[in-house]
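Everything on this sheet refers to the single structure shown next.
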Amino acid sequence: MSEHKNEDKKVVLSGIRATGNLHLGNYYGALSKFVRMQDDYDCRYFVADLHALTTHPDPGMLHENVKEILAEYLAAGLDPEKNIIYVQSDVPEIAEMYLLMNMHAGIGELMRTASFKDKARKALGITSDSDEIEREICGNQTNRQVNAGLLTYPTLMAVDILIHHADFVPVGKDQEQHLELTRRFGRRFNSFYKTDYFHDAVNFNFGGDAVKVPGLDGSGKMGKSEGNCIYLIDDEKTLRKKVMRAVTDEGPKVPDSEPTEPIRNLFTLMELVSAPDTLGHFRSAYADCSIRYGDLKKQLAEDILKVTLPIRERILDIRGDDEYLSRVVQRGAERARETAARTLREVREIMGIRKF
Ligand code: TYM
Numbered sequence: 116m117s118e119h120k121n122e123d124k125k126v127v128l129s130g131i132r133a134t135g136n137l138h139l140g141n142y143y144g145a146l147s148k149f150v151r152m153q154d155d156y157d158c159r160y161f162v163a164d165l166h167a168l169t170t171h172p173d174p175g176m177l178h179e180n181v182k183e184i185l186a187e188y189l190a191a192g193l194d195p196e197k198n199i200i201y202v203q204s205d206v207p208e209i210a211e212m213y214l215l216m217n218m219h220a221g222i223g224e225l226m227r228t229a230s231f232k233d234k235a236r237k238a239l240g241i242t243s244d245s246d247e248i249e250r251e252i253c254g255n256q257t258n259r260q261v262n263a264g265l266l267t268y269p270t271l272m273a274v275d276i277l278i279h280h281a282d283f284v285p286v287g288k289d290q291e292q293h294l295e296l297t298r299r300f301g302r303r304f305n306s307f308y309k310t311d312y313f314h315d316a317v318n319f320n321f322g323g324d325a326v327k328v329p330g331l332d333g334s335g336k337m338g339k340s341e342g343n344c345i346y347l348i349d350d351e352k353t354l355r356k357k358v359m360r361a362v363t364d365e366g367p368k369v370p371d372s373e374p375t376e377p378i379r380n381l382f383t384l385m386e387l388v389s390a391p392d393t394l395g396h397f398r399s400a401y402a403d404c405s406i407r408y409g410d411l412k413k414q415l416a417e418d419i420l421k422v423t424l425p426i427r428e429r430i431l432d433i434r435g436d437d438e439y440l441s442r443v444v445q446r447g448a449e450r451a452r453e454t455a456a457r458t459l460r461e462v463r464e465i466m467g468i469r470k471f
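Just add 115 to wherever you are in the sequence shown, counting from 1, and you've got this note's numbering.
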């Protein structure tokens with residue numbers, strides 16, 4: 116319904132799970148984009164604490180993690196005056212709409228989602244395909260790790276987005292399949308109830324491709340569960356140590372050869388944090404086989420620290436200020452609930468749930 120579109124500004128919505136400190140993947144895949152978008156769009160950013168429950172965090176730690184992400188949002192430059200900043204569980208309309216949307220989400224499509232398969236494989240200790248995952252899940256009724264919340268994770272994420280009628284969802288590459296499902300659920304709802312209530316939301320990358328920040332261990336992406344992260348909160352010594360320990364290879368033997376994956380990853384990190392001529396210098400050194408990986412790593416650590424140290428200082432300032440943090444999210448929840456309550460009311464009505 117076009118009345119939901121703010122004619123002046125496009126709506127931006129995104130969130131990060133409350134599962135620990137933010138790393139460079141979260142920063143370049145999401146948070147730095149949140150900050151860059153805040154002046155030009157109607158932005159709503161939240162801490163996804165309900166999504167964090169799918170992996171059963173320690174109850175004593177969950178609230179600390181929510182506070183930490185919040186402090187890191189603010190420290191990275193998100194301004195509560197310009198954005199609606201809230202905690203997912205403070206908006207109960209999300210939970211109700213999640214129940215309603217689950218009526219239109221197919222178990223088959225949820226089971227085929229890459230993130231579900233990855234988590235299920237890890238929990239079940241298997242490496243193979245969907246059929247085996249299904250057999251294992253159905254055959255092992257005591258396994259509570261692969262819970263229904265994990266399966267319906269994409270429905271909850273779709274609701275986060277649809278409840279705000281978002282246009283743009285700045286996320287890293289790993290979340291694109293979830294965005295695709297969000298569009299699918301929105302369109303399915305429209306066609307089932309013969310309405311044009313929801314519109315498509317898309318990723319946002321300032322015209323570039325979706326970002327995948329690699330880890331320092333030679334392969335794959337940077338991720339908390341991979342244990343290969345550089346955190347925004349890392350102190351100088353820890354950070355330098357991590358970068359100096361990054362996996363490399365024996366060095367190029369033939370001029371103009373293709374870098375191996377570990378080296379490509381270091382160049383990818385450098386592309387994000389270093390000046391173009393610094394990157395150019397090391398790329399040519401690689402091409403003519405004169406590169407010294409020690410120098411490359413030293414420079415990389417230096418350039419990462421330029422980004423992370425100022426943020427770290429602000430995190431340390433903000434994280435203890437409970438009063439400020441709670442003021443930000445209370446106001447944020449009030450504002451987020453205005454839209455959420457309206458969407459939920461309209462969705463209930465479209466689905467035929469009416470008040471007497
Ligand atoms: P989460 O908490 O796993 O990650 C938060 C954000 O960080 C990005 N990211 C990366 N980007 C590039 N390279 C990496 N190595 C990397 N690692 C993480 C993720 O793409 C993401 O943008 N389901 C979401 C949270 C969520 C959400 C939403 C996001 C819940 N509801 C609604 C947007 C809209 C998640 O688990 O992200």
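We put the CB at the ideal spot given by N, CA and C, even for glycine.
CA-to-CA distance, residue j to residue i, given in whole angstroms
i    : j    : result
R298 : G135 : 29 Å
G447 : S399 : 49 Å
L168 : A263 : 11 Å
C404 : A190 : 41 Å
I68  : Q153 : There is simply no residue 68 to check, as the chain begins at 116 and stops at 471 in what is shown.
L137 : D244 : 31 Å
F319 : V388 : 20 Å
H396 : L185 : 38 Å
E251 : V369 : 48 Å
D275 : A402 : 46 Å
F313 : T454 : 14 Å
D282 : I406 : 45 Å
G342 : D350 : 17 Å
H289 : M272 : A small correction: the amino acid at residue 289 is Asp; His does not occupy that position in the sequence shown. Each residue's alpha carbon lies about 13 Å from the other.
L354 : G144 : 19 Å
Y268 : A163 : 11 Å
A416 : E373 : 23 Å
I475 : N217 : In this structure the chain extends from 116 to 471, so residue 475 is not present and cannot be described.
F161 : V206 : 10 Å
N258 : H219 : 26 Å
P425 : M359 : 21 Å
D246 : V150 : 42 Å
E438 : I222 : 43 Å
G63  : S441 : Any question about residue 63 goes unanswered here, given that the chain covers just 116 to 471.
I348 : V317 : 30 Å
Closer than 7 Å: residue i CB and nearest the ligand TYM heavy atom
i    : result
Y346 : no
V328 : yes
R463 : no
K234 : no
Y143 : yes
D349 : no
H166 : yes
R132 : yes
I278 : no
G140 : yes
H396 : no
H219 : no
S129 : yes
M385 : no
Under the three-state DSSP convention, the category residue i falls into
i    : result
V202 : strand
C404 : coil
L411 : helix
V369 : coil
H138 : strand
S323 : Per the sequence shown, residue 323 should be read as Gly rather than Ser. DSSP places G323 in coil when its eight states are reduced to three.
C253 : helix
K148 : helix
I426 : helix
K237 : helix
N471 : Residue identity differs from the one stated: residue 471 is Phe in this sequence, not Asn. Three-state result, F471: coil.
D194 : coil
H171 : coil
L396 : Note that residue 396 is His in the sequence shown here, rather than Leu. DSSP places H396 in helix when its eight states are reduced to three.
Y312 : coil
S306 : helix
Y301 : Note that residue 301 is Gly in the sequence shown, not Tyr. In the structure shown, G301 sits in a helix (DSSP, three-state: H, G or I).
K388 : Per the sequence shown, the amino acid found at residue 388 is Val instead of Lys. Reduced to three states, the DSSP call for V388 is helix.
G221 : coil
R457 : helix
V444 : helix
Q260 : coil
Identity of the residues DSSP links to residue i by a beta bridge
i    : result
K348 : Reading off the sequence, residue 348 comes out as Ile, not Lys. DSSP output for I348 lists no bridge partner at all.
F161 : G130, Y201
K472 : For the chain, the structure presents residues 116 to 471; residue 472 sits outside this window and is missing.
F283 : V127, V317
heavy atom of the ligand SAM below 7 Å from residue i C-beta
i    : result
Q290 : With respect to the ligand SAM, the structure shown offers nothing to examine, as its ligands consist of the ligand TYM.
Test: residue i CB closer than 8 Å to a CB of chain C
i    : result
N262 : Absent from the structure is chain C; it holds one protein chain and no more.
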